[in-house]
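Asker:
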Amino acid sequence: MTYDDHIDLLFARLKSPQAGLRRDTALALAVARSDVIPALFGSLGGSPSHLVDGDARTLSAAGEALVGHDPALVGPRMVYLLSDGPPSARREAAAVLRAMGSDARQASPALAVALGDPSPAVRREAAVALGCTGARSIEERRGYVEALGRLLGRDADPEVRSEAAWALGQLDRERHPVGILTDAVRDVDPRVRLHAAAALGLVTRDVEPALAVLGAALADPDARTRVEAAVALAAMGWQLSRARDEIGRALGAALTDRNGKVRRYAALALGHWGWDAQDAVPALRTLLGDGDGAVRWAASTSLCRIFDYPEWLDHPDVHLGWRMRREDLAGHAHATYLALLAGLADPEAAVRGNAAAAVGLVCRLSDELAPAAVAPLRAALGRESHPNVCLRLMFAVRSAAEAAGGPTEEYVSGLLAAVRRAPENTRVRKTALSVLAALGPKDAADIPPVLATFLDGDAESRDDLGKFLRKAGPLAAEPLLAAAWDREAALRRLLATAAESAALPPAAGLERMGRQAVEQIDDLRTFWYVGAALRARQVRQMTYAELEAALWAEFHEQMSGNTIRTRLREAAEFLTEYFVRHHGRSRTGLILLEQVRGRRPEMREDGWAAWEEVNRYFERLGETLT
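Positions 1 to 626 (the numbering used here) are the ones given, in order, by the sequence shown.
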């Protein structure tokens, strides 16, 4: 069967008495070529010479089929139907234009005219379509807003008024529809009120008139209207400050609403005021025990925002009034502390994460709470499996320990447990290391498991590990010596950390390191680290001389067995840096330089060029030393 035969069969099926078959046929035509548009147009009643199908479901299917075709071909036909088709066709034409959205913007003037259609179904669909297609210019948009406003204020059909309110919110989110929508929030029909409230939540300018109306709508007898009013207020964010007292009272009352969505969005709206909303803390604290997980999440989110007070409040010269406000906030933090600790075991991960963050903020507000907070946070880390919650718990541990002046409780085991549960999660690993670097160990027992967990990390991890060991001070001596020779790859990093930190082992231990290095290490970089460590603690010269002798032996062995210029260049650059840093212009440096330059290993002829290049580096070194 050819394509044309197939299309003819589909056209014939459009005349079937079975509505389901006609509808399926129209949907199949949606993926056909554009030459089927006239037939689909006729199925909507576009021309007496084409099939007119009065079945509502088939009309809808034909409309859906037309949406899949070129808007430039479909749009003008829909405009024709809006003005010259039967009522069912006019309604479906508006529905097609609605589905086309901004692609049908050229049809917006016709939709505006259709707002005055005698059929309520057509007016309703035209209003929705106009909100979807939008306007081509500011002046045109103003005209549409006025037309929709008249429809919203005068139409007898509540569904038409409801869709007009929705369209106003979509069409103009600045200042023009505010007055019209605030009146609509008081409409007798709840559908109109809820759509008007939702539309006001989308307005971005001149919102003051809307705030009082939305605040009053929080007490609307219709639950859906209360929900939309709460959602609208939560969406306005910082603009709520323009009517803080009045809106604050309305939102506070909404926290006890019997509808969970109202409580949730009222709680979120209060959080936008930050620490200025501290009067709402008691009610939000109560919501931490709400049976609705979404409400608990909203309450914990707002508590985090409220307790995250600005740092300038801690300044000693801050105004007395502000200082008293901070003290009041600290009092609320005390009262909320136990409820937040209970939130660490909430079944919802988002609530647990917020509770952890809030505990850290509470510890910053109230130093006396901080020492006791570390243990429950560590316990929560030990059992927590959600990575994001682990991150927030780690930050809370850091905040609590820093507020207490250092770790007053063992906390390392909780961090390491979280790292072991998510070994592939780099964020958890890096965050744990950053907390360890900031706090250091509580005692020497914390150091070996940290070394065992993080010794093989990348450069950034090694930096944080070094900071952790510097915090440890002398506590790190024995664990460093015990772990130093466990594995060759880790040795280099460990000694680098020791050489750069104040946590160096005693001189005897370093001397043992030096002797073991002479016997076991065959890597130039490791000699650098061991040498730096020995030099830093002024270990007796004999050990240092033995180490350097091994260094030269290894260097010449590499040069003798390798004629690749790059490797020799790297070795020469390394030794140049080594001598300048550790010997300067000393007599020892000159003697060692002459020893090296006087030893020319036996190499194949193709290696002489590389050796000459190494010599040039040593000549530059000699100029530096002399």
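Idealized CB from N, CA, C, for every residue including glycine.
Restricting to Cα atoms, I'd like to know which of PHE307, ARG263 and GLU409 is closest to GLY293.
Answerer: If you number the sequence shown from 1, residue 293 lands on position 293. The option with the nearest alpha carbon to GLY293 is ARG263.
Asker: Tell me which same chain residues have a C-beta within less than 8 Å of the C-beta of THR256, skipping the five on either side of it?
Answerer: Indexing the sequence shown from 1 puts residue 256 at position 256. The residues are ARG263 and ALA283.
Asker: With a CB to CB cut of under 6 Å and the five nearest residues on each side skipped, what residues in its chain are close to ARG378?
Answerer: Sequence index remark: in the sequence shown, residue 378 carries index 378 (1-based). For ARG378, where only same-chain residues beyond five positions count, the Cβ hits under 6 Å are TYR411 and GLY414.
Asker: Considering Cα atoms alone, identify which of GLY179, ALA235, PRO221 and VAL188 is closest to ASP198.
Answerer: As a working mapping, residue 198 is identified with position 198 in the sequence shown. Position check: residue 198 holds Ala in this sequence, whereas Asp was assumed. With distances taken between Cα atoms, ALA198 lies closest to ALA235.
Asker: Count the other C-beta atoms from every protein chain shown that fall within 10 angstroms of the C-beta of SER385, then say buried if there are 16 or more, exposed otherwise.
Answerer: Position 385 of the sequence shown, counting from 1, holds the residue named residue 385. By the neighbour-count rule (16 or more Cβ atoms within 10 Å), SER385 is not buried but exposed.
Asker: Quick check on DSSP: helix, strand or coil for LEU344?
Answerer: Position 344 of the sequence shown, counted from the first residue, corresponds to residue 344. Coil at LEU344, not helix or strand.
Asker: If you follow the alpha helix (DSSP H) that ALA372 is part of, which residue opens it and which one closes it?
Answerer: Numbered from its first residue, the sequence shown carries residue 372 at position 372. Counting along the chain, the alpha helix (DSSP H) containing ALA372 begins and ends at 370-383.
Asker: Out of curiosity, what's the CA-to-CA distance linking ALA370 and SER102?
Answerer: Here residue 370 refers to the residue found at position 370 of the sequence shown. Here residue 102 refers to the residue found at position 102 of the sequence shown. Cα-Cα distance, rounded: 56 Å.
Asker: Quick one: using the 10 Å Cβ neighbour count with 16 as the cut-off for buried, is GLU500 buried or exposed?
Answerer: Position 500 of the sequence shown, counting from 1, holds the residue named residue 500. For GLU500, the pLDDT reaches just 46, beneath the cut-off of 50, and the residue's location in the model is therefore unreliable, leaving the point undetermined.
Asker: Alpha carbon to alpha carbon, what distance is there between ALA210 and ALA280?
Answerer: On the sequence shown, residue 280 is found 280 positions in, with the first residue counted as 1. On the sequence shown, residue 210 is found 210 positions in, with the first residue counted as 1. Between ALA280 and ALA210, the C-alpha separation is close to 22 Å.
Asker: Report the option in GLY149, GLY248 and ASN388 whose CA atom is closest to the CA atom of TRP166.
Answerer: Counting from 1 along the sequence shown, the entry for residue 166 is found at position 166. Checking every option, the nearest Cα to that of TRP166 belongs to GLY149.
Asker: Just how far apart, CA to CA, sit ASP308 and SER119?
Answerer: Reading the sequence shown from its first residue, position 308 is the one you call residue 308. Reading the sequence shown from its first residue, position 119 is the one you call residue 119. About 56 Å.
Asker: What residues in its chain sit with their C-beta under 8 Å from that of ASP189, if we drop five residues either side in the sequence?
Answerer: The residue labelled residue 189 in the question sits at position 189 within the sequence shown. The residues are PRO158, ARG161 and SER162.
Asker: Run through the segment 147-235 for me and flag every whole alpha helix (DSSP H) of 4 or more residues, listed as ranges in chain order.
Answerer: For the segment 147-235, whole alpha helix (DSSP H) runs of length 4 or above, ordered along the chain, are 158-171, 178-184, 190-200 and 208-217.
Asker: LEU181: which of LEU439, GLN170 and ALA196 sits nearest, CA to CA?
Answerer: The residue you call residue 181 lines up with position 181 of the sequence shown. Nearest of LEU439, GLN170 and ALA196 to LEU181, Cα basis: ALA196.
Asker: Using a Cβ-Cβ cutoff of less than 7 Å, which residues in the same chain neighbour THR453 once the five nearest sequence positions on both sides are dropped?
Answerer: Here residue 453 corresponds to residue number 453 of the sequence shown, with the count starting at 1. Counting only Cβ-Cβ distances below 7 Å, and skipping sequence neighbours, we find LEU416 and VAL419.
Asker: If I follow the unbroken alpha helix (DSSP H) through GLY116, where does it start and stop?
Answerer: For the purposes of this step, residue 116 is identified with residue 116 of the sequence shown, where counting begins at 1. Unbroken run through GLY116: none, as it is neither H nor E.
Asker: I'd like the span of the alpha helix (DSSP H) that includes PRO407, first residue to last.
Answerer: What you label residue 407 is simply residue 407 of the sequence shown in a count that begins at 1. Counting along the chain, PRO407 falls outside any alpha helix (DSSP H), and DSSP gives it neither H nor E.
Asker: Skipping 5 residues on each side, what residues in its chain have a beta carbon closer than 7 Å to that of ASP346?
Answerer: Within the sequence shown, numbered from 1, the residue matching residue 346 stands at position 346. Correct list, in chain order: ARG296, ARG352 and ALA355.
Asker: Starting from TYR309, follow the alpha helix (DSSP H) in both directions and report where the run begins and ends.
Answerer: Here residue 309 refers to the residue found at position 309 when the sequence shown is read from its first residue. Where TYR309 is concerned, there is no enclosing alpha helix (DSSP H), given that its DSSP letter is neither H nor E.
Asker: Select from CYS132, ARG398, ALA357 and PRO87 the residue whose C-alpha is nearest the C-alpha of ALA107.
Answerer: Within the sequence shown, numbered from 1, the residue matching residue 107 stands at position 107. Among CYS132, ARG398, ALA357 and PRO87, the Cα nearest to that of ALA107 is on CYS132.
Asker: Could you check which residue in GLY215, ALA232 and GLU146 has the C-alpha nearest to that of ASP245?
Answerer: Here residue 245 refers to the residue found at position 245 of the sequence shown. Answer by Cα proximity: GLY215.
Asker: Considering only C-alpha positions, which residue in the set ALA372, ALA254 and TYR337 is nearest to ALA230?
Answerer: Position 230 of the sequence shown holds residue 230. Checking every option, the nearest Cα to that of ALA230 belongs to ALA254.
Asker: Compare the C-alpha of LEU97 against each of ASP463, ARG224, ASP117 and GLY134 and name the closest.
Answerer: Counting from 1 along the sequence shown, the entry for residue 97 is found at position 97. Ranking the options by Cα distance to LEU97, first place goes to GLY134.
Asker: With LEU287 and LEU329 assumed to form a contact (beta carbons below 8 Å), what rounded beta-carbon distance in angstroms separates them?
Answerer: As a working mapping, residue 287 is identified with position 287 in the sequence shown. As a working mapping, residue 329 is identified with position 329 in the sequence shown. Their Cβ separation, rounded to whole angstroms, is 18 Å, which puts LEU287 and LEU329 out of contact at 8 Å.
Asker: Thinking ALA184 and LEU152 are a contact (beta carbons under 8 Å), I'd like their distance in whole angstroms, please.
Answerer: Your numbering for residue 184 matches position 184 in the sequence shown. Your numbering for residue 152 matches position 152 in the sequence shown. That belief holds up - the Cβ atoms of ALA184 and LEU152 are roughly 5 Å apart, short of 8 Å.
Asker: According to DSSP, is ASP464 part of a helix, a strand, or is it coil?
Answerer: The count along the sequence shown starts at 1 and reaches residue 464 at position 464. Here ASP464 sits in helix by DSSP.
Asker: Return the chain-ordered list of same chain residues with a C-beta closer than 7 Å to the C-beta of GLN18, the five sequence neighbours on each side being excluded.
Answerer: Position 18 of the sequence shown, counted from the first residue, corresponds to residue 18. Once the five neighbours on either side are set aside, GLN18 has no close Cβ partner at all.
Asker: Shortest alpha-carbon distance to ARG191 belongs to which of VAL227, VAL207 and GLY179?
Answerer: Residue 191 sits at position 191 when you count from the first residue of the sequence shown. Among VAL227, VAL207 and GLY179, the Cα nearest to that of ARG191 is on VAL227.
Asker: Tell whether a beta-carbon distance below 9 Å holds between LEU111 and LEU171.
Answerer: The sequence position of residue 111 within the sequence shown is 111, counting from 1. The sequence position of residue 171 within the sequence shown is 171, counting from 1. No. Outside cutoff.
Asker: When the Cα atoms are used, what is the spatial distance from VAL122 to ALA349?
Answerer: Here residue 122 refers to the residue found at position 122 of the sequence shown. Here residue 349 refers to the residue found at position 349 of the sequence shown. If you take the alpha carbons of VAL122 and ALA349, they lie about 47 Å apart.
Asker: Can you grab the Cα-Cα spacing for the pair LEU168 / ALA357, in whole Å?
Answerer: To locate residue 168, count along the sequence shown from 1; it is residue 168. To locate residue 357, count along the sequence shown from 1; it is residue 357. For LEU168 and ALA357, the distance between alpha carbons rounds to 40 Å.
Asker: How would you call MET324, buried or exposed, if buried means at least 16 neighbouring beta carbons within 10 angstroms?
Answerer: As a first step, residue 324 must be located in the sequence shown, where it is residue number 324. MET324 is exposed by the Cβ-count criterion.
Asker: Taking 8 Å as the limit between beta carbons, can you name the residues of its chain near SER274, skipping five residues before and five after?
Answerer: Residue numbering aside, residue 274 sits at position 274 when the sequence shown is read from its first letter. Note that residue 274 is Gly in the sequence shown, not Ser. Contacts found: ARG305, ILE306, ASP308 and TYR309.
Asker: Relative to the C-alpha of ALA444, which residue among ARG142, HIS332 and ALA472 is closest?
Answerer: Mapped onto the sequence shown, residue 444 falls at position 444. Of the candidates ARG142, HIS332 and ALA472, the one whose C-alpha sits nearest the C-alpha of ALA444 is ALA472.
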